[in-house]
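The working numbering applies: residue 130 is where the sequence shown begins, and numbers increase by one. Note sheet for the following structure.
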Amino acid sequence: MNTYLTIDPWKLMEQGFHPEHQMVTESLFSLGNGRFGQRGCFEETYTGKTLQGNYLAGVYYPDKTRVGWWKNGYPEYFAKVLNAIDWSSLRISMEGEEVDLHQATCESFYRELDMKRGVLSRQCDLKLVNGDRISIASERYCHAEYPDLGILRYQIRIREGKGTLAVQSYLDLDVQNQDANWEEKFWEDGQTQMDGQTAVVSAYTRKTRFRAAAAMVNQLSLNGTILDLDPFRVQRDKYVELGYELDVEAGDEIILTKMVSMSSTLYYDETRLPAEMMTRVEEARLKGYSALLKAHEDHWARKWQEADIVIDGDLSAQQAIRFNIFQLYQTYTGDDDRLNIGPKGFTGEKYGGSTYWDTEAYCLPFYLATASPQVARQLLLYRHRQLPQAIANARKLGFSGGAALFPMVTMNGEECHNEWEITFEEIHRNGAIAYAIHDYVRYTGDRDYLWSHGLEVLIAISRFWAQRVHWSSPQQRYVMHGVTGPNEYENNVNNNWYTLYIARWCLTYTRDVIHELKSQDPKAWLQLADQLKFYEHTELRQWQEIVDFLYLPEDKELGIFLQQDGYLEKEQALADSIPADQRPLNEHWSWDRILRSCFIKQADVLQGFYFFEEDFDLDQLRRNYQYYEPRTVHESSLSPCVHAILACSLDEDEKAYEMMMRTARLDLDNINNDTKDGCHITSMAGTWMAVVKGFGGMRVRDDQVGFSPRLPEAWSRLNFRVRWRGRSLEIAFDRQEIRITLLEGAPLSVRCYEDVYA
Ligand code: BGC
């Protein structure tokens, strides 16, 4: 548990240096602007444990897969987002001694991530090994308004000592991924160019041939006077450096302003990229530091205006919810349908920066309610763009006729995951993608998207389900064998209830959308059916038969749905019987023991209750919740938020609060002991869901939005905003009053609990 960060409503603050937590702090203090991001590392050299991680959105390398035992159908590579331009690093030396917090004595230290302004800063007083004393004050950010820009201001004050101060400012593309499968470097064909105080570096990714480039301009001042120094220049493959030497003495104050422009061939023409970066950085220089900072702060102010949640009475929850919202908007801004949301965003390399079902099942609702519909639409278009690869992926596994299996893990649409029990069997991800289409349409009412893009995806997914089930003679039902549900602590099971349920729902939803399009625009349907070679009579009839005769495991006596066949035959135990020193199970138990146990990694049957709540009554929910919640160990970050929402529906406020806080402070308190690998970005959207859908009780039904507010004991008031079909609504409530205000847009009727207010 982290106790070293101060609790504050808008800031993360580290008072006094905690080198033992440096990797965790670097993850937590990460910066990003949707286009690029970086871990919160120090600017100057640090020889202690650190991961200098800088990532450019969408720039990946297909790293050759490494597996013990190759299986047919495995992908040949795992595409990973590349550690890219190290743009904010410096080398600072005083009288030949390189400043390094791992060597120097830290006399005072303060590091802060200001989430309101999107700025990371640090102040520290150091005593160097040679006895000199200096102070450092740095401030940096990834520009939110101008997404090619990274800005750093670095101040050095000499407190004791005199001599030569060397400041080396560099751009380094000669970097490596920590998670490289074969310890290879992924950048090649570096080029550099220097001109006055400006320098540019570029290189290509191996195989994928993305080109990335960065240009920097430095400005140095001494005691308030801008210096016109001729820098010494270092230029080598994939590396440029501008260095300055000054004679300094006690009392002197040196400020380096480093502006960097960086991007890739996703956004600029390959041959012009370095020159474009030079132009962008020159434009930044002309705007000046203060104007740039203001534009950045204004951007964040606008974002907060829409997306902030205010919790009164509980600072710890307040800090956490803002941290979650902040990190989500640092990761994804929704202006490009080629980008998506990696489970670690730009904060670490685990999960390769790739796309998972997390996006559709967890992140989509957050973006739907806090940004323009265009943002969520981009996430759906991303999958539509990748439909041909999903069809090819299914074909590779033996499916036909336009059936699609979207990848478990992907960067460009091709499957990257390579554990057979997940790659081939954790197929519920297809269901989440279909559900997201429904969720988006239900929320926005955007039928254009549904008919022009969504339906094509739905048909391909439904075709997959229709082939993935088979008729069981003994059961006289359609069944689905060889599946891994969301609970990855069970593999290769038969008849996972959640997967069956979402498959059945998908077949009916697709059928309904087809009927709708057919009646609204028969010509458009005929065209689509022709394009997809959709044989309506045979395919729809077959789907209907599956829907009518699909097996859904349940135990009538207990009144619960069964996670899968045979679940009750497992030795039954409750999660609170597991000794604390054996948690998390995946770090303490053998895989075999985990698989044989009844313990559930994450919401599985209950994930189905969350998605399809309207299909069940409260008694069904209660029985299933009371059965599965005590058996769930929540060792996926995606789990507690779902339980929090269901607990709210069941009036179990205390449990709901506990679960909500577990998601909200997962990284801040390093609850799973893995924040060093990066933050759990996708589950952060789960925190938002737990607050807005859980305690706010927000639901969309029959083209109407509604709220059923409830306050956990620790809170005295909750206030949030949502966008809803061209409107902006503010919901504020305490124990006396619920106030729903229409801030923008046409009048509407809103449900509050069961009553409708016009
Ligand atoms: C979870 C998956 C999730 C992945 C990435 C795993 O631990 O079990 O459901 O997609 O992490 O967040």
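Idealized CB from N, CA, C, for every residue including glycine.
Give me whichever residues DSSP pairs with residue i in a beta bridge.
| i | result |
| --- | --- |
| F165 | L185 |
| R365 | Y368 |
| Q320 | S331 |
| W600 | Y607 |
| K140 | D243 |
| W718 | W718 pairs with nothing; no bridge assigned. |
| D441 | R846 |
| R830 | Q833 |
| T93 | No answer is possible for residue 93: it lies beyond the span of the chain, which begins at 130 and ends at 887. |
| C881 | F836 and D884 |
| Q252 | Y239 and A266 |
| F862 | L847 and I867 |
| C271 | G279 |
| W853 | R856 |
| T293 | D376 |
| R640 | Paired residues: none, contrary to the question. |
| I689 | D684 |
| D301 | D215 and Y368 |
Identify whether residue i lies in helix, strand or coil by the three-state DSSP scheme.
| i | result |
| --- | --- |
| E155 | helix |
| C488 | The question names Cys, but residue 488 in the sequence shown is Thr. In the structure shown, T488 sits in a helix (DSSP, three-state: H, G or I). |
| N212 | strand |
| A887 | coil |
| K805 | helix |
| A342 | strand |
| E236 | strand |
| Y680 | coil |
| L497 | helix |
| T870 | strand |
| D192 | strand |
| R286 | strand |
| Y756 | helix |
| F745 | coil |
| E478 | coil |
| Y461 | coil |
| H783 | The residue you asked about is not His; residue 783 is Glu in the sequence shown. Reduced to three states, the DSSP call for E783 is helix. |
| C170 | coil |
| L579 | helix |
| Q307 | coil |
| N347 | strand |
| V106 | With the chain represented from 130 up to 887, any question about residue 106 goes unanswered, as that position is not in the structure. |
How many whole angstroms separate the CB atoms of residue i and residue j, which I take to be in contact at a CB cut-off of 8 Å?
| i | j | result |
| --- | --- | --- |
| F690 | E698 | Not confirmed; about 16 Å, so no contact. |
| Y299 | L385 | Their Cβ separation, rounded to whole angstroms, is 12 Å, which puts Y299 and L385 out of contact at 8 Å. |
| T613 | N624 | Not really, about 12 Å apart at Cβ, beyond 8 Å. |
| Y564 | F740 | 6 Å |
| I438 | F849 | 4 Å |
| S237 | D254 | 4 Å |
| L767 | D487 | 6 Å |
| I280 | I263 | Not quite, the Cβ-Cβ distance comes to about 22 Å (not below 8 Å), so this is no contact. |
| V879 | I869 | 6 Å |
| R791 | P769 | 4 Å |
| L356 | D381 | That pair is no contact at about 12 Å. |
Considering only heavy atoms of the ligand COA, does any lie closer than 8 Å to the CB of residue i?
| i | result |
| --- | --- |
| L767 | The ligand COA is absent from the structure shown, which contains only the ligand BGC. |
To which residues of the same chain is residue i closer than 8 Å at the C-beta, ignoring the five residues directly before and after it?
| i | result |
| --- | --- |
| Q671 | A595 |
| H231 | P148, Y175, T176 and G177 |
| Q605 | F678 |
| Y638 | A563, H567 and L587 |
| A710 | Residue identity check: residue 710 is Asp in the sequence provided, not Ala. Within the same chain, D710 has close Cβ partners H717. |
Under 6 Å Cβ to Cβ from residue i, same chain only, skipping five residues before and after it: list those, please.
| i | result |
| --- | --- |
| E617 | K730 |
| E543 | Q518 |
| L242 | L141, F158 and L249 |
| V410 | A344, V346, M388 and S390 |
| Y397 | E405 |
| S765 | K730 and Q731 |
| A785 | A773, A776, C777 and G823 |
Near residue i, which residues of its chain fall below 7 Å by C-beta distance, leaving aside the five closest residues on each side in sequence?
| i | result |
| --- | --- |
| G874 | G855, R856 and S857 |
| N306 | K209, L211, N212, F315 and E478 |
| R633 | V676 and L679 |
| A561 | W486, E489 and A490 |
| G182 | Q167, R168, N212, G477 and E478 |
State yes or no: is the beta carbon of residue i nearer than 9 Å to at least one beta carbon in chain D?
| i | result |
| --- | --- |
| E149 | Here chain D cannot be found, since the structure has a single protein chain. |
Next item on the list: Pick out the complete alpha helix (DSSP H) segments inside the stretch 362–423, 4 residues or longer, and give them in chain order.
Entry: Unbroken alpha helix (DSSP H) runs of no fewer than 4 residues, entirely contained in the stretch 362–423, are found at 402–416, following chain order.
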